[in-house]
Each structure stands twice: as structure tokens, then as C-alpha cells.
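Here is the structure we will look at.
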Amino acid sequence: MKIGALKEVIEGEARVAVTPSSAGHLQKLGHDVFVESGAGSRAGFSDEDYRKANVTVLGNASEVIGAVDVVAKVRVPEDGEIKQMREGQTLISFFYPAQNGELLEVAKEQGITAIAMDMVPRISRAQKMDALSSMANIAGYRSVIEAANNFGRFFTGQVTAAGKVPPAKILVVGAGVAGLAAIGTSTSLGAQVYAFDVRPEVAEQIESMGAEFVFLDFEEKATDGAATGGYAAPSSPEFREAQLKKFRELAPQMDVVITTALIPGRDAPVLWTKDMVEAMKPGSVIVDLAAEKGGNCELTVADERVVTENGVVIIGYTDFASRMGAQASELYGNNIRHFMADLTPKKDGVIDHNMDDDVIRGATVAHDHDVTWPPPKPKVA
Ligand code: NAD
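Heads up, the sequence shown is in this note's numbering, so the first residue is 1 and it goes up one at a time.
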């Protein structure tokens, strides 16, 4: 089959769905690879790099869509992109079907198969295709780099001839994939790291990465906030109050706060309130990775860097993965080529869209003139 990557239409998006390196793997599966001219330029891959990898470079999106069987993208497709596709073609990209019902209908109408990389089931076998995790890992790392770039001091403690420097104190709120990456990056830069999560089972992971678990002296702690499937549920008002009380104690002591708390299908919980920001020292930095979902910090403005009156920097960027376009494209490109390997079991360039396969079924949101989202629960845990 023929697979082709489009240039992302959203301004500032640096990622690309197929890299010269992932193209090689796709070719080993028996596929011919195409790319829109300039698709990789913002991630550092020139048209020439693709040509050297035996990829056919075409002039524009219409030409790629016209030439291929599988269209690969990073961002949620625009309505117009799907409308250019023809019956029987496959689209593989982030899709967020819960938020994009109308787009699902367009895919159904058009008779295309839409594979949502954000819907890959989070089971062990599918980890290599888990684009949410690969992008969250990058976002967690990058949040620390952005914090360091905005913090006028060392992260590590130092004893120098010119004076003694204490280590920066960093609080990470939410210890999922992004939070754990932020903890790892912060400790490796020498900061003193504290972390909190409503799911008590992550305490061990937090501690094994060299951070201190912020313990909440609250009776229901063992169960409250932890839902099924490893995700968080909304906290009870009492739990939330206890959490905010603890954060109020910590606010004046922390130099950097990185928030990553999310609850599936809801707006991000507001956990770092205005008074906490006001209690922080001038020069402190907050990086809010939940900005796209409304933010964990009350004063976050999505896509902005805000400096408060008391000199606290609040970063609400929503494009952390794209800010590391080369790395993010490599990992996303790998997620896609692993998914393509599942779709091409015989490595003969023939796609077998096996809806009995949990991973393929879980990620397929439109197929054969039907909306196939939400999927049934996967059989393998
Ligand atoms: P996420 O992005 O949905 O949420 C980030 C974190 O915020 C979570 O750890 C959550 O508990 C926490 N949180 C929510 N409300 C909070 C609050 N009020 N205060 C503090 N923290 C709060 O999480 P994620 O990174 O997508 O990970 C979710 C789960 O999925 C985890 O259990 C993870 O281990 C699991 N997972 C499994 C796989 C796999 O098996 N392939 C891959 C990735 C993640």
C-alpha cells in the first residue's frame, strides 16, 4: 500500500507523522512512502532527507491524498482534509473523537477509516503505539526545561567560592506519564523535588525517582481520587480542601510548580489558586501542562507566558511536544509505524484491518461508513 504524510496546517506545529527513519520501517512492511513537500522542515527533515530515504516528495496535500491509501497526520484533521479523501482510504492521526463528533460524521459520510492515535488502548502490548504517552513524556521533560529557562537561579545546589546556593524546590502536581517525566528531569538537574497525586499507588514511583511524596493526612486518602483503569476521578470536596490546605503551606517554599493533573473527559481541576500564586516568592515559576483543558492554576492563560504583579511567571503553553519537533516526530513516527506493523501482519504491504484485534478496534473511530467509537472494552488488560 501507499502511505503519505501531510504537512501540518496548524501554524507553529513542528511535528510530522513520518520521518525519514520511520519511512524505512514502513518500507520494510512493504509500503511505498510519500510526503508533502516541506512536511518535515519544521522538525529538521528536508525534502532531500526524505528523498535519500526513498520517499516520494509531492508538491501539495491534494497530490499526497490523491496518491496514497493511508494518510498520516499529527493533529486532528481539518474538515476539508477529510473531505478530500475518498471512500476506502485510511486516515491515521490524533482525533479526540469525544470532542470531534462532527468530524466523525464527516469521516463516516466520506466512507474513510479513521484511526485515532489518542484512542490506542493503554495495554502492555500497545505501549509502542501509545502516542499519548510518548507526547506526554516529552511535555513533562520540556516543562522542566521551560521552567529552568524562566528561573533566574540554579536548579542544583552548589558550594562555590562565590557563595553557597541551595537547590531549587520543585513541586510536581499529578504523577502520570508527564508528571513522572517532569520529576525525572527535575531530579537529574539537581533540584529538590516534591510530588503529589490523588492516586496513592504512585507514591512508590515518585519515591523511586528520587522525589518526596507529599503526604496528605486525610482519612479517605487510600481510595478517594483513584478511579478504575489507573485514571483519577474527581475528588470529594473534603479531600480537595485538605489538598488545597497542603498546597497553601507549600506555596511560599516552592521555587517551581509544575502541574499536570487531569481527569479524563473533564476540565482540569483548579488546584493552584490565586492566593497560592500570591504567596510564592518573586522569580518563582509555574508551568501548567493542563492549560489546554482550562489549567490547574487559576491564573493560567492558555498559550501565554504571564508575569504576575508579585513576579511569578506562569507558563500555559499547549504545544510542549511541538517545541521539541524533531524528538516528538521521531517518537510519533515510531508510534505510527508500529501501528502500521499491526495493520500489516504479513509485512507484504497489504493492510488487514482486523476489527477483532483489540488495539486496531480500540483506535478505529470510523470504518466502513460507520462511526465505531466508543469501542467495546478491550479483552486484554
Ligand atoms: P493523566 O494525564 O490522565 O493525568 C495526570 C495525572 O493527574 C494522573 O496521575 C492523575 O492521577 C493526576 N490527577 C488527577 N487529578 C488530580 C488532583 N486533583 N490532584 C493531583 N493529581 C491529580 O494521566 P496519564 O499520564 O495519562 O496516566 C493515567 C494512567 O494511565 C496511569 O495509571 C498510568 O500508569 C496509566 N498508563 C498506562 C499505560 C499502559 O499500560 N500502556 C500507558 C500510559 C499510562
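Glycine is no exception: its CB is placed at the ideal position from the N, C-alpha and C atoms. Predicted model only: the values in this text are computed from it and were never measured.
* For Ala139, which residues from the same chain have a beta carbon less than 7 Å from its beta carbon, with the 5 sequence-adjacent residues on both sides left out? -> Counting from one through the sequence shown, the residue named residue 139 turns up at place 139. Ala178, Leu289, Phe320 and Ala321.
* Asked: Tell me which same chain residues have a C-beta within less than 7 Å of the C-beta of Gly369, skipping the five on either side of it?
  -> Start at 1 with the first residue of the sequence shown, and residue 369 comes out as number 369. Here residue 369 turns out to be His, not Gly, going by the sequence shown. Cβ within range, chain order: Lys108 and Gly111.
* To do: With DSSP collapsed to three states, give me the class of Val57.
  => Numbered from its first residue, the sequence shown carries residue 57 at position 57. If DSSP states are grouped into helix, strand and coil, Val57 belongs with the strands.
* Asked: Cβ atoms of Val16 and Phe34: under 9 Å apart, would you say?
  -> Taking the first residue of the sequence shown as 1, we reach residue 34 at position 34. Taking the first residue of the sequence shown as 1, we reach residue 16 at position 16. Contact: no.
* In terms of residues, what are the limits of the alpha helix (DSSP H) holding Glu207? -> Taking the first residue of the sequence shown as position 1, residue 207 is located at position 207. Where Glu207 is concerned, the enclosing alpha helix (DSSP H) stretches over Ala203 to Ser208.
* **Sub-9 Å separation of Ile315 and Arg323 beta-carbons** => Against the sequence shown, residue 315 aligns to sequence position 315. Against the sequence shown, residue 323 aligns to sequence position 323. No.
* Asked: Which residue spans inside the segment 270-327 form an unbroken alpha helix (DSSP H) run of at least 4?
  -> Contiguous alpha helix (DSSP H) elements confined to the segment 270-327 occur at 274-279, taking only those with 4 or more residues.
* Sort Asp130, Arg125 and Thr113 by Cα distance to Met119 and report the nearest one. => Within the sequence shown, residue 119 is the residue found at index 119, counting from 1. Comparing Cα positions, the closest option is Asp130.
* To do: For Ala222, count neighbouring Cβ atoms within 10 angstroms of its own Cβ and tell me buried if that reaches 16, exposed if not.
  => Residue mapping note: residue 222 aligns to position 222 of the sequence shown, counting from 1. The predicted position of Ala222 is uncertain, since its pLDDT is 46 and thus under 50; a value taken from the coordinates is nonetheless stated next. Exposed is the call here.
* **Three-state class that DSSP yields for Lys377 in the structure shown** => Residue mapping note: residue 377 aligns to position 377 of the sequence shown, counting from 1. Three-state DSSP puts Lys377 in coil, outside helix and strand.
* Asked: Would a C-beta distance cut-off of 9 Å place His338 and Thr113 closer than the cut-off?
  -> As a working mapping, residue 338 is identified with position 338 in the sequence shown. As a working mapping, residue 113 is identified with position 113 in the sequence shown. Their beta carbons are not under 9 Å apart, which means His338 does not touch Thr113 by this criterion.
* Can you tell me which of the three DSSP states Phe94 falls into? => Here residue 94 is taken as the residue at index 94 of the sequence shown, counted from 1. DSSP, reduced to helix, strand and coil, places Phe94 outside both helices and strands of the structure shown, so it counts as coil.
* Asked: Are at least three pairs of beta-carbons, each pair with one atom in the segment 152-166 and one in the segment 287-303, less than 8 Å apart?
  -> The way I'd put it, the segment 152-166 doesn't touch the segment 287-303; fewer than three beta-carbon pairs between them come closer than 8 Å.
* Are Glu292 and Thr318 close, meaning C-beta to C-beta below 9 Å? -> Stepping through the sequence shown from its first residue, residue 292 is reached at position 292. Stepping through the sequence shown from its first residue, residue 318 is reached at position 318. Yes, the Cβ-Cβ distance between Glu292 and Thr318 is below 9 Å.
* To do: Have a look at Leu244 and Ser143 and give me their C-alpha separation to the nearest angstrom.
  => One-based indexing of the sequence shown puts residue 244 at position 244. One-based indexing of the sequence shown puts residue 143 at position 143. If you draw a straight line from the Cα of Leu244 to the Cα of Ser143, it is about 22 Å long.
* Asked: Between the segment 69-77 and the segment 41-60, do three or more beta carbon pairs fall short of 8 Å?
  -> The segment 69-77 makes no contact with the segment 41-60: fewer than 3 CB pairs, one atom from each, lie closer than 8 Å.
* To do: My understanding is that Ala181 touches Asn137, with C-beta atoms under 8 Å, so please give their C-beta distance in whole angstroms.
  => Position 181 of the sequence shown, counting from 1, holds the residue named residue 181. Position 137 of the sequence shown, counting from 1, holds the residue named residue 137. Contact annotation, Ala181 with Asn137: C-beta distance approximately 5 Å; criterion of less than 8 Å satisfied.
* Got a sec, what are the start and stop residues for the alpha helix (DSSP H) Gln27 sits in? -> Taking the sequence shown and counting its residues from 1, one reaches residue 27 at position 27. Annotation: the continuous alpha helix (DSSP H) that includes Gln27 extends over Pro20 to Lys28.
* For Glu11, which residues of its own chain have a beta-carbon under 6 Å away from its beta-carbon, when the five flanking residues on both sides are left out? -> Taking the sequence shown and counting its residues from 1, one reaches residue 11 at position 11. The answer is none, since no qualifying residue turns up.
* Could you tell me whether any non-hydrogen atom of the ligand NAD is closer than 8 Å to the CB of Phe213? => As a first step, residue 213 is located in the sequence shown; it is residue number 213 there, counting from the start. No, since every heavy atom of the ligand NAD falls outside the 8 Å radius drawn around the Cβ of Phe213.
* Asked: If you run the structure through DSSP and keep just helix, strand and coil, what is Lys246?
  -> Against the sequence shown, residue 246 aligns to sequence position 246. The answer is helix: DSSP assigns Lys246 an H, G or I state.
* To do: Name the one or two DSSP bridge partners that Leu171 has.
  => Taking the sequence shown and counting its residues from 1, the one referred to as residue 171 is at position 171. Beta-bridge partners of Leu171 (DSSP): Tyr194 and Val257.
* Answer yes or no: the CB of Pro375 versus the heavy atoms of the ligand NAD, is any distance below 8 Å? => As a position in the sequence shown, residue 375 is number 375, starting the count at 1. Pro375: no, Cβ never under 8 Å from the ligand NAD.
* N-terminal and C-terminal residue of the beta strand (DSSP E) that Gln158 is part of -> The residue labelled residue 158 in the question sits at position 158 within the sequence shown. First-last of the beta strand (DSSP E) with Gln158: Gln158 to Thr160.
* **Distance CB(Glu330)-CB(Ser41) smaller than 9 Å** => As a working note, residue 330 is residue 330 in the sequence shown. As a working note, residue 41 is residue 41 in the sequence shown. Their beta carbons are not under 9 Å apart, which means Glu330 does not touch Ser41 by this criterion.
* Asked: In terms of residues, what are the limits of the alpha helix (DSSP H) holding Ile138?
  -> Residue mapping note: residue 138 aligns to position 138 of the sequence shown, counting from 1. Where Ile138 is concerned, the enclosing alpha helix (DSSP H) stretches over Ala131 to Asn150.
* Just grab the DSSP bridge partners of Lys108 for me. => The count along the sequence shown starts at 1 and reaches residue 108 at position 108. Residue pairing by DSSP places Lys108 opposite no residue, since no beta bridge is assigned to it.
* **Inter-residue Cα distance where the pair is Leu103 and Arg86** => Along the sequence shown, one-based indexing puts residue 103 at 103. Along the sequence shown, one-based indexing puts residue 86 at 86. Distance between the alpha carbons of Leu103 and Arg86 is about 15 Å.
* Can you tell which of Met340, Arg266 and Leu271 has the C-alpha that lies nearest to the C-alpha of Ala98? -> In the sequence shown, residue 98 corresponds to position 98, counting from 1. For Ala98, the nearest C-alpha among the options comes from Arg266.
* **Ala39 beta carbon less than 9 Å from that of Val18** => The residue given as residue 18 occupies position 18 in the sequence shown. The residue given as residue 39 occupies position 39 in the sequence shown. Yes, Cβ-Cβ distance for Val18 and Ala39 is below 9 Å.
* Which residues does DSSP pair with Val71 in a beta bridge? -> Indexing the sequence shown from 1 puts residue 71 at position 71. In the DSSP assignment, Val71 forms a beta bridge with Gly4 and Leu91.
* **Spatially closest choice to Ile170 from Val312, Ala147, Asp32 and Gln84, by CA coordinates** => Position 170 of the sequence shown, counted from the first residue, corresponds to residue 170. Residue Ala147 is the option with its Cα nearest to Ile170.
* What are the residues that DSSP puts in a beta bridge with Thr113? -> Position 113 of the sequence shown, counted from the first residue, corresponds to residue 113. Residue pairing from DSSP places Thr113 in a beta bridge opposite Thr90.
* Asked: Using DSSP with H/G/I as helix, E/B as strand and the rest coil, what is Gly349?
  -> As a working mapping, residue 349 is identified with position 349 in the sequence shown. Annotated three-state conformation of Gly349 is coil, per DSSP.
* Asked: Under 8 Å from any heavy atom of the ligand NAD, does the C-beta of Pro269 make it?
  -> Reading the sequence shown from its first residue, position 269 is the one you call residue 269. True, at least one ligand heavy atom lies under 8 Å from that Cβ.
* **Range of the contiguous beta strand (DSSP E) that encloses Gly163** => Translated into positions along the sequence shown, residue 163 becomes position 163. It spans Gly163 to Val165 - the beta strand (DSSP E) in which Gly163 sits, taken as one unbroken run.
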